[in-house]
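*Asks:* Position 5, counted from 1, in the sequence shown is what my numbering calls 6; the numbers after and before it change by one each time, with no gaps.
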Amino acid sequence: MRKILIANRGEIALRIMRSAREMGIKTVAVYSEADREALHVRYADEAICIGPAPSNQSYLVGEKIIEACILTGADAIHPGYGFLSENASFARLVKEAGLILIGPTPEAMEVMGNKLSAKAAALKYNIPMVPGTEEAITDVAEAKRRAVEVGFPILIKAAAGGGGKGMRIVNAEEEFEEQMQLAVSEAISAFGDGAVFIERFVSSPRHIEIQILGDTHGNIVHLFERECSIQRRHQKVVEEAPSSILTPDMRSKMGACAVDVARAVNYVGAGTVEFILDENLDFFFLEMNTRLQVEHPVTELITGLDLVKEQIK
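Here it is, written out as structure tokens:
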């Protein structure tokens, strides 16, 4: 790998360039017309404009990213986080162009990009799941019946969701129909997919995520946890590592489960497996993020590793 194009902007682009530079690898910045004077443009070895200011005409256009890669002679693309970083279609385009994507395979992105298919993959390794439905439900009457079986309060969640969108807490049966309709509507608006499923609502939860790394030879390791229980509107506010709630035994078990989740999709690169702990400190799989996360420096501080360098290696 001689030259990497960073398909992103701002802080994460600079972060990737710093590690690449320390490894002796040249970098290419892409920028919209609005970012012509941005710091990441000046810091890179080369820079190329990929379109107008709106991101849907520049940073989100996979074909323009690949064209820039070919024009500059870059042999690899690092997507950073956000934009196209978890887009399986883009990952497939990169592969078809004969370029290297510094990240997981398109197949892994597709499976883990949907909460239901992610759960189905994880079940192969008997990973603990929050009690609920294992498939999408669209019929309100059937969904209500299943909710009664699970027991209120329950959580209605968008299968393609994230960031708290398409998520509704239902405390009683009489609230169910209205809340399900709202969840479906929000899921369609946010993700273009109205599929929802039901889980038991975990009160006073602790949110623990495990950082994993996988290579192209099937080796996968975990790099311990980050706790992100302090949230506002389902958005993380503070990340803590190591978690003050985990015992050594719990940490070992959760780490092993995270590795198994990654193994279920032959994962390559950096990823994060998210779990929720209930009031009894039982843990359950939530989802997997198939990219480098904003909060990755927290893990770097407790391990001494450079995760971007590890991705490139």
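We treat Cβ as the ideally placed atom computed from N, Cα and C, and that holds for glycine.
On the criterion of 16 or more Cβ atoms from any shown chain inside 10 Å, does K158 qualify as buried, or is it exposed?
*Replies:* Locating residue 158 in the sequence shown gives position 157, counting from the first residue. Counting Cβ neighbours within 10 Å, K158 comes out buried, since at least 16 surround it.
*Asks:* Considering just the uninterrupted stretch of the beta strand (DSSP E) at Y32, what are its terminal residues?
*Replies:* Working through the sequence shown from its first residue, we reach residue 32 at position 31. Run containing Y32: K27 to S33, per the beta strand (DSSP E) assignment.
*Asks:* What would DSSP say about I51, mapped onto helix, strand or coil?
*Replies:* Start at 1 with the first residue of the sequence shown, and residue 51 comes out as number 50. Of the three classes helix, strand and coil, the one that applies to I51 here is strand, per DSSP.
*Asks:* Buried or exposed for A48, going by 16 or more other Cβ atoms inside 10 Å?
*Replies:* As a first step, residue 48 must be located in the sequence shown, where it is residue number 47. The residue in question, A48, is buried, as its Cβ has 16 or more Cβ neighbours within 10 Å.
*Asks:* Going by other Cβ atoms of all chains shown within 10 Å of its Cβ, with 16 needed for buried, is E108 buried or exposed?
*Replies:* Here residue 108 refers to the residue found at position 107 when the sequence shown is read from its first residue. Residue burial annotation: E108 is exposed, with fewer than 16 other C-beta atoms found within 10 angstroms of its C-beta.
*Asks:* State the CB to CB distance for the pair V274 and M251, rounded to an integer number of angstroms; the pair is presumed to be in contact (CB under 8 angstroms).
*Replies:* As a first step, residue 274 is located in the sequence shown; it is residue number 273 there, counting from the start. As a first step, residue 251 is located in the sequence shown; it is residue number 250 there, counting from the start. That pair is no contact at about 14 angstroms.
*Asks:* Please classify L293 as buried or exposed, where buried requires at least 16 neighbouring CB atoms within 10 angstroms.
*Replies:* Translated into positions along the sequence shown, residue 293 becomes position 292. Per the 10 Å Cβ criterion, buried.
*Asks:* Can the beta-carbon of V131 be found less than 8 angstroms from the beta-carbon of E200?
*Replies:* Locating residue 131 in the sequence shown gives position 130, counting from the first residue. Locating residue 200 in the sequence shown gives position 199, counting from the first residue. With respect to the 8 angstroms criterion, V131 and E200 are classified as neighbours on the basis of their beta carbons.
*Asks:* Which whole-angstrom value is the C-beta distance of K4 and G74, which I expect to be below 8 angstroms?
*Replies:* Taking the first residue of the sequence shown as position 1, residue 4 is located at position 3. Taking the first residue of the sequence shown as position 1, residue 74 is located at position 73. That belief holds up - the Cβ atoms of K4 and G74 are roughly 6 angstroms apart, short of 8 angstroms.
*Asks:* In terms of residue numbering, what span does the alpha helix (DSSP H) encompassing V185 cover?
*Replies:* Here residue 185 is taken as the residue at index 184 of the sequence shown, counted from 1. Taken as a continuous stretch (DSSP letters only), the alpha helix (DSSP H) holding V185 covers F177 to F192.
*Asks:* Using only CA atoms, which one of T134, V222, S253 and H208 lies nearest to H235?
*Replies:* Your numbering for residue 235 matches position 234 in the sequence shown. Checked all of T134, V222, S253 and H208; the closest Cα to H235 is H208.
*Asks:* For the region 264 to 307, list the beta strand (DSSP E) runs that are entirely contained and at least 3 residues long, ordered along the chain.
*Replies:* 270 to 278 and 284 to 290
*Asks:* Assuming the contact rule is C-beta atoms closer than 8 angstroms, A265 and A137 should be a hit. Round their C-beta distance to whole Å, please.
*Replies:* As a position in the sequence shown, residue 265 is number 264, starting the count at 1. As a position in the sequence shown, residue 137 is number 136, starting the count at 1. Not confirmed; about 20 angstroms, so no contact.
*Asks:* Suppose you measure from the CA of L183 to the CA of R169; what does that come to, to the nearest Å?
*Replies:* Your numbering for residue 183 matches position 182 in the sequence shown. Your numbering for residue 169 matches position 168 in the sequence shown. Here the alpha carbon of L183 sits roughly 8 angstroms from the alpha carbon of R169.
*Asks:* Who are the near neighbours of V295 in its chain, counting only those whose CB is closer than 7 angstroms to its CB and skipping five residues on each side?
*Replies:* On the sequence shown, position 294 is the one that residue 295 refers to. Y82, listed in sequence order.
*Asks:* Can you check whether the CB of T291 is closer than 8 angstroms to the CB of P55?
*Replies:* The residue labelled residue 55 in the question sits at position 54 within the sequence shown. The residue labelled residue 291 in the question sits at position 290 within the sequence shown. No, they are not a contact pair.
*Asks:* Using DSSP bridges, identify the partner residues of F198.
*Replies:* Mapped onto the sequence shown, residue 198 falls at position 197. Paired residues: K158.
*Asks:* Go to E210, then tell me how far its alpha helix (DSSP H) extends in each direction, as first and last residue.
*Replies:* Along the sequence shown, read from residue 1 onward, the residue named residue 210 stands at position 209. First-last for E210: R207 to G215, but that is the beta strand (DSSP E), not the alpha helix (DSSP H).
*Asks:* Using a 10 Å radius around the Cβ and a threshold of 16 neighbouring Cβ atoms, would you call L282 buried or exposed?
*Replies:* The count along the sequence shown starts at 1 and reaches residue 282 at position 281. Answer is exposed; the Cβ neighbour count stays below 16.
*Asks:* At which residues does the alpha helix (DSSP H) containing V149 begin and terminate?
*Replies:* Reading the sequence shown from its first residue, position 148 is the one you call residue 149. Run containing V149: V141 to V151, per the alpha helix (DSSP H) assignment.
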